[in-house]
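Heads up: the sequence shown runs through residues 3 to 172, numbered per our numbering.
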Amino acid sequence: MKAKLMLLLSCLTLSAHAVEIGERLDIWTLPDQFDQPLQLDNEVRVILVAGSHGAAKLVDAAIKHEPKGYLEARQAVYIADITHMPRMVANRILVPAMRDANYRILLDREGEVASRYDPSRGEVLWLALEDGTLRERRQFSSADQLKEALEQQALAGNSQPDGEATRPAP
Numbered sequence: 003m004k005a006k007l008m009l010l011l012s013c014l015t016l017s018a019h020a021v022e023i024g025e026r027l028d029i030w031t032l033p034d035q036f037d038q039p040l041q042l043d044n045e046v047r048v049i050l051v052a053g054s055h056g057a058a059k060l061v062d063a064a065i066k067h068e069p070k071g072y073l074e075a076r077q078a079v080y081i082a083d084i085t086h087m088p089r090m091v092a093n094r095i096l097v098p099a100m101r102d103a104n105y106r107i108l109l110d111r112e113g114e115v116a117s118r119y120d121p122s123r124g125e126v127l128w129l130a131l132e133d134g135t136l137r138e139r140r141q142f143s144s145a146d147q148l149k150e151a152l153e154q155q156a157l158a159g160n161s162q163p164d165g166e167a168t169r170p171a172p
């Protein structure tokens, strides 16, 4: 009984830890929909994480009509957590469909990266970085709000869009 309790507590502890404001993000590498790898570096200012199909649809609605290079111009990357999708469906249907997108989609097939950031289902997680350190976490449930934040990112050259945000206490 004691062993089961310890296992349960350790699982809860692991799943409850998400990267905190002020923490430096671990370096990772993920392939995109064309199987080209991208490694997180200090140039990335924004990470968008879609932890569900609904969240991925929000990202698509926000940027599908934008020119190629739209996210890159904002120093942003987009991660789609596709762990919930059966591998055969992902490989034969989902990923080939993603190749039609005019933006880069990083694919987290094993949940090793997206799970570090604890994205909520149905919302897009916005992680603002400065030199690889997390400065802000936001959640978007509206494509229009996400689009506006991305536009502000381009204008301001930083990751301080208006709206709901989690920032460190002064």
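C-beta: ideal position from N, C-alpha, C; glycine also.
Close CB contacts of I49 within its chain, under the 6 Å cut and outside five residues either way in sequence, are with V79 and L129 (chain order). Linking M87 to R101 through their CA atoms gives a straight-line distance of about 17 Å. Boundaries cannot be given for I29, as no alpha helix (DSSP H) includes it and DSSP labels it neither H nor E. P121 sits in coil when the DSSP states are folded into three classes, being neither helix nor strand. The distance from the Cβ of V126 to that of A63 is about 10 Å, inconsistent with a contact at the 8 Å cut-off. DSSP assignment within the segment 85 to 164 yields the following whole beta strand (DSSP E) runs of 3 residues or more, N-terminal first: 108 to 110, 126 to 132 and 135 to 142.
DSSP places L73 in the uninterrupted alpha helix (DSSP H) bounded by Y72 to A75. E132 and N44 have their C-alpha atoms spaced approximately 7 Å apart.
With fewer than 16 other CB atoms across the displayed protein chains lying within 10 angstroms of its CB, A75 is exposed. Residue pairing from DSSP places D34 in a beta bridge opposite L108. L42 carries a coil assignment under DSSP once its states are collapsed to helix, strand and coil. For A64, the secondary structure class from DSSP, reduced to helix, strand or coil, is helix.
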